[in-house]
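Remarks on the structure that follows.
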Amino acid sequence: MEISVTVNGVQHTHDVEPRTLLVQYIREQLGLTGTNIGCDTSSCGACTVHLNGESVKSCTVLAVQADGAEITTIEGLASDGQLHPMQQAFMEHHGLQCGYCTPGMVMAAVSLLKENPHPTEQDVRIGLEGNLCRCTGYHNIVKAVLAAANA
Amino acid sequence: MTATATSDAPTGVIGQRLLRREDPALLTGEARYTNDLAVPGALHMAVVRSPYAHARIVSIDTSAAREIPGVVAVYTGEDLADAWAAPMPCAWPVTEDMKSPAHYPLARGKVCYVGDGVAVVLAETEAAARDAVDAVVVEYDPLPAVVDPEDARSDRVVIHEELGTNTSYTWSLKVEGTEGQIDRAFAEAAYTVSERYVQQRLIPMAMEPRAVVAVPQPFGGDITLYSATQVPHILKIMSALTLGIPEHQVRVVAPAVGGGFGSKLNVYAEELLCMALARRHHVPVRWNETRSENAQATIQGRGQIQHIELAADADGKLTALRVRLTGDMGAYLQLVTPGIPLLGAFLYAGVYDLPQAYDFECTSVFTTMTPTDAYRGAGRPEATYAIERAMDALARKMGIDPLELRRRNYIPADQFPYTAWSGLVYDSGNHEAAAAKAAELVGYEELRARQRQQNVPGATKRLGIGISSYFEMCGLAPSRVLASLNYSAGGWEAATVRVLPTAKVQVVTGTSPHGQGHETAWSMIVADKLGISPDDVDVLHSDTAIAPLGLDTYGSRSLPVGGVAIAMACDKVIDKAKQIAAHQLEANPDDLEFEGGAFRVKGSPDRTIPLAAIAFEAFTAHDLPDGLEPNLEASVTYDPPNFSWPFGTHMCVVEVDTETGAVDVLKYVAVDDCGVQINPLIVDGQVHGGVVQGLAQALFEEAVYDSEGNLKTSTLADYLVPAASDVPPITLDHTVTPSPTNPLGVKGIGEAGTIGAAPAVINAIVDALADLGVRDVPMPASPYNVWRAIQDASARASGTAGTDLGDHPGATARTTTASSEDVTTDGGQP
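Chains as they are written, first to last, in this note's numbering: chain A, 5 to 155; chain B, 593 to 1422.
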C-alpha cells in the first residue's frame, strides 16, 4: 500500500507491506535509527514518536495508519545544532546513561509538558510510566523533566 | 561539545560534575547501536527455539520453511556439526572435577530449556526469516522438567545423561584459626541464627536486546563481528577458538551498547552462528533479538538457595559463620556461570570483624531453565543479602536495635588495611562513619520513636526501617587471585596515552563502556595528569582493531583497573616528555617540575616549555635526545595488587499495609564510599540506577517458571521492570575514604547500589511486620507475598497452620517459582 507521511518536516511517499509497523517504516525505510525498539509488547516506550503532535509508541501503529500524518522523531527535535530544551535538561541532569531508552523518553517527556506544563514530581513519574529505563533509576530523568518545565 | 560543569565544581578537574560528552549523540539519535548499522547485502538470521524445557528432538522438517520467498537456507544443529572447533566456552572451571556438558550453538539430539536453539533460518529480510521460523516443524519427545535446584540435587531426573548427575560441582572454603573452632563457636554461642533465603531468578533486561552483525571478507578470510557486547576482547579470543579462526583474523566491535548489567558479558550462540554462517555464505549475516527471545536466550541472574548460620557471644559479637548454597546454573554453563557463587563466597561475613571461623560450601546444579550467569553484582548482592538479613534476625533474637548490633561488629576504622579471616586485605573503610551519616540522613532515632507509636496492636499501616551495610569486592581482579580461583584469564587492563603533534591526546582503553560514561571520566583523568582540558582528549575503545588489548567492562573494574592504567600511562608520557624538555632547556631532568601542562626548571620560573611544544618536537624529531624514539606515547598494562573494596550503608523506610500487603517505600537513603570520585555526577547516576535494580529484585522482579519449565514472564508486560511511578526518589550522600592500593585512590561504584538495596528493603518490610511474627518475606515482596507472609505468621501464632487463609484482596496474585519458600523461621537456639 502506498502511504505519504511528513517526517521531521520532510514528505515521504512509499509502498509498504500492510503489516509494517510504523517503527519499522521509520527505521528501515527512512533510515532514521534514533527511534529504538526495546520490546515486542508495547511495554517499554523506546520507540515513542510524535504523531500529529501526540506521543505514540510507534510499535503499536501500523505504517498505513500514519498515512497523511505529521511525524516527529528524535532526529527532528534539535534544530540548528542546538539541543531541544528537553534534550539539554537530560544532559545537564544526567538523565541518561546507555541512551537506549532516551529518544523515546525525551519524546514522551516533551509531550508530557505540552499536556501539563507545570507538573509535580508525581505527575512526571506517572506521566512517564509507559517508558522504561534500566540505567538511571529514573531519579535524574524526573529531575530533568522538572527542570525543563521550569526553564 | 564544550565541557561544562555544574556550579558546585571544585577547582581541579578530578571531582568536577562534568557533563558527559557521550550525551549529545545519544540524545539526538545520532548514536549507532548494532541494530542501527546499515550493512548492504546482509542476510537476516532467526532462531528456531525449543518450546519444551527438556525433550528429545525426534525430527526436524525444514522443507516448508525453505519454500518461503526470500529464505536462503535453513540449518539444524546436525547440519552445522562441523562448523565448530570447540564447544562454547566456560572460562571458569571452578574445581578440577567440575562437570560441564559440551554446549554447542544449536542443540543436537535433545533440548534442555525453553529457548534452546534447534535450527536457524537465513533470509533476505527479517520478516521472511521470522515467517520461516514458524514454518520449521520440530517433533519433540518431552522429558520431565527440573525447575527446583534442590530437587535437581536428588538426580531424580538427570538432565545431561553423559554426566551421570545434575551436580556440576561442590566448592568449599573453610577457614579456622584452630581446628574445631567453628563447631566450638556454635556450641558455645550465646546466640545463633539459622536462616534460609531464596535468591529468585532475575532477567537482566538491558533496554537494548542483543544484536549481532558478522561481516566476512571472503577473499582474505578475515571477519568483523559487531555485537551488543560488554566484552569485545574476550569475545574475539573465544570466537576465534570456538570457530577455529586464527585470532588475528577476527575483529570485534562493540558499537553503542544499550546497557549490559552482566547480560552482555558472555559469548553467545547467536554471535558464533552469525560468524559461521557469514563465512559459509560469504555475505554479512545479522541477527536482532526480540525481547521475548531475550528473556529466554540471554542469561538470567541470581538463582541461589542460601542457608546461613551465625554464632554470636552474649554481646552479639560474631564468633563463627556457616553458609551452604545451592546454585542454579540452568541448562548449561555459559562464560562464567559456575564462578558467580564464588564471587560472593568471600563476602558472607560482610563488613564485620569475624574471627577465623568461616565455613562456606556451594553445590551448583543443572536445571532445565535458561543458563544463569553474571547479573549486576554477581554473587555479591546474594552474599550481602544473606548476612544483612541474618544480622537483623540476630538483633531480633537478642532484642536489640539492628543498628546497634552492627556497630558492635563493624571492623573498626583504625584497623584498615584489615586482613580478613580469608587472608584478603580490605584496603580501606570506615563503616561507622557511613552508617552514622545514613542514620542522620534518614532520621533514624525519630523514626524508631515514630514506629513505636505507629505499630500498635491492630495497626494496619506499619512502619519499618531496614539497614544494609555492605562491602563490595570489586575491581576484578588481581590475576594471581583469579588463578587461585581457577579462572581462565587475568584481571589486568591496558591503556595507551598518545600525545598527537598538535598536543591533542588520544587515549586507547581496553574497557568497553555501555552507559558508564568512560569517555568523559577517562578524559578527566588525562586532563588532570597532563594539565590540559578534557576537551582536548579523545577516548578510543570497544574495537579490537583500535584497542587490541583489554579485558573489558564488568565487576566494577573499569575505573580501579582501567582508569588507573590510564593514569599510569600518563605518568610514563610525562617521564618521556621530561627527557625531551630537559634536552630543550639544557637542564638535568631531575631539576624539572611538571605543572599546569608545562615543564619548568625548579627555581628558574622563566625557563619553561609547554607540553604542546614537546609534542611537536617529538613529531618532527629534529632535535631529540640521543636514542629517544620519536613519539610521545606510552602504554601500560596494569594488574591490580588487590581488589578494591567500596562500602556503605543504605537505609530504607517502608510502610506496609497489612490488609493488602502493599509496600510503600517512604524513603531510601544511600551513603556510599567509593574512595576518590572522578566525576560525582556519574557516581550518583550509578548509585541511583543500582539501587533501583536492587529494589526491583526486592519488590518486583522474578523470572517465574511453571513446573513444566515454561517461562511465564517472557515479556516486559509480565516481567515487572519498575517504571518511574513504581520507585521512590533516592537520597544520596557519600563518605570519601581513598583506596591506598592505587595512585588515584579510587574504587568501583557500578554495582554498589544493587548490592546494598535488596537487603535494606526486605529488612524494612520484615521490621514493619516483626510484631506480627513475620520473620521472612520472599522476594519479590509483592503484595501477595507480603500478605501471605502475614497470614502464615498469624496462623502459626494461633497454632492453626494449614487453615484456610481466605482470599487476598488483590486479584493480581502471582505464582512464585517452585523453589520459592514463603516463610522461614529463624530457628536456631532460644
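Just so you know, even glycine gets a beta-carbon here, dropped at the ideal spot from N, CA and C.
Asked, Found
"F811(B), buried or exposed, once every other Cβ within 10 Å from all chains shown has been counted against 16", "exposed"
"Proximity below 9 Å, CB of T1088(B) to CB of Q1098(B)", "yes"
"Supposed contact pair R658(B) and V650(B) - C-beta distance, whole angstroms, cut 8 Å", "The pair is not a contact, with the Cβ atoms about 20 Å apart (cut-off 8 Å)."
"DSSP state of S1411(B) mapped onto helix, strand, coil", "Its pLDDT being 36, under 50, S1411(B) is placed unreliably by the model, and the measurement read from it follows with that caveat. Looking at S1411(B) - three-state DSSP - the assignment turns out to be coil, as it is neither helix nor strand."
"Any chain A beta carbon closer than 9 Å to I1322(B)", "yes"
"Whole-number beta carbon distance between L1143(B) and G1067(B), since they are thought to touch under 8 Å", "Not really, about 12 Å apart at Cβ, beyond 8 Å."
"CB contact flag (G607(B), Q1269(B), <9 Å)", "yes"
"I544(B) (DSSP reduced to helix, strand or coil)", "Outside the displayed range of chain B (593 to 1422) lies residue 544(B), so it cannot be described from this structure."
"Close-in-space but distant-in-sequence residues of the same chain around V110(A) (CB under 8 Å, 5 per side omitted)", "I78, L81, H88, M90, Q91, F94"
"Sub-9 Å separation of Y940(B) and N1001(B) beta-carbons", "no"
"Buried or exposed (CB count within 10 angstroms, at least 16 for buried), T124(A)", "exposed"
"Reduced DSSP secondary structure (H/G/I, E/B, other) of H115(A)", "What sits at residue 115(A) in the sequence shown is Ser, not His. Reduced to three states, the DSSP call for S115(A) is helix."
"Of the residues V785(B), A912(B), L635(B), E742(B), the one placed nearest E771(B), counting alpha carbons only", "A912(B)"
"Contact set between the segment 96–124 of chain A and chain B, restricted to residues whose Cβ is under 7 Å from the partner", "E96, H98, L100, Q101, C102, G103, Y104, C105, T106, P107, V110"
"Beta-carbon neighbours of V146(A), restricted to chain B and to distances below 9 Å", "A1316, P1321"
"N-terminal and C-terminal residue of the beta strand (DSSP E) that V1118(B) is part of", "Here V1118(B) belongs to no beta strand (DSSP E); instead the alpha helix (DSSP H) covers 1110–1122."
"Limits of the unbroken alpha helix (DSSP H) element including I130(A)", "125–131"
"Helix, strand or coil at W763(B) according to DSSP, with G and I counted as helix", "strand"
"Which listed residue (D1325(B), H1175(B), K1170(B), D1182(B)) has its alpha carbon closest to that of A1190(B)", "K1170(B)"
"Residues that P947(B) contacts on chain A, provided the C-beta gap is smaller than 7 Å", "Those do not exist, as P947(B) stays about 38 Å from chain A at its closest Cβ, beyond 7 Å."
"Three-state secondary structure assigned by DSSP to D951(B)", "strand"
"N12(A), DSSP secondary structure in three states", "coil"
"Any C-beta of chain B under 9 Å from that of Y29(A)", "no"
"Reduced DSSP category for R612(B) - H, G, I as helix; E, B as strand; rest coil", "coil"
"Buried versus exposed, by CB contacts within 10 Å (16 or more), A779(B)", "exposed"
"Partner residues on chain A for P1106(B), Cβ-Cβ distance less than 7 Å", "In the sequence under discussion, the amino acid at residue 1106(B) is His, which differs from the Pro named in the question. Under the 7 Å cutoff, chain A gives C102."
"Below-9 Å beta-carbon distance, G141(A) vs any chain B residue", "yes"
"Beta-carbon spacing of V739(B), M921(B) below 9 Å", "no"
"Contact with chain A by T1305(B), beta-carbon distance below 9 Å", "no"
"Given V703(B) as reference, the closest of E716(B), E731(B), C682(B) once Cα atoms are compared", "E731(B)"
"Local Cβ density within 10 Å of H695(B), reported as buried at 16 or more and exposed below that", "buried"
"Within 9 Å, strictly: CB atoms of E787(B) and E901(B)", "yes"
"Straight-line Cα distance separating E1221(B) from T10(A)", "58 Å"
"Per-residue DSSP class, three states only, for A1405(B)", "Residue placement at A1405(B) cannot be trusted, given a pLDDT of 42 that sits under 50; the coordinates are not used to answer."
"Chain A within 9 Å of G1109(B), Cβ atoms only", "yes"
"Chain-ordered residues of the segment 603–637 of chain B with a beta carbon less than 9 Å from chain A", "R609, L611, R612, E614, D615, P616, A617, L618, L619, T620, G621, E622, A623, R624, Y625, N627, D628, L629, A630"
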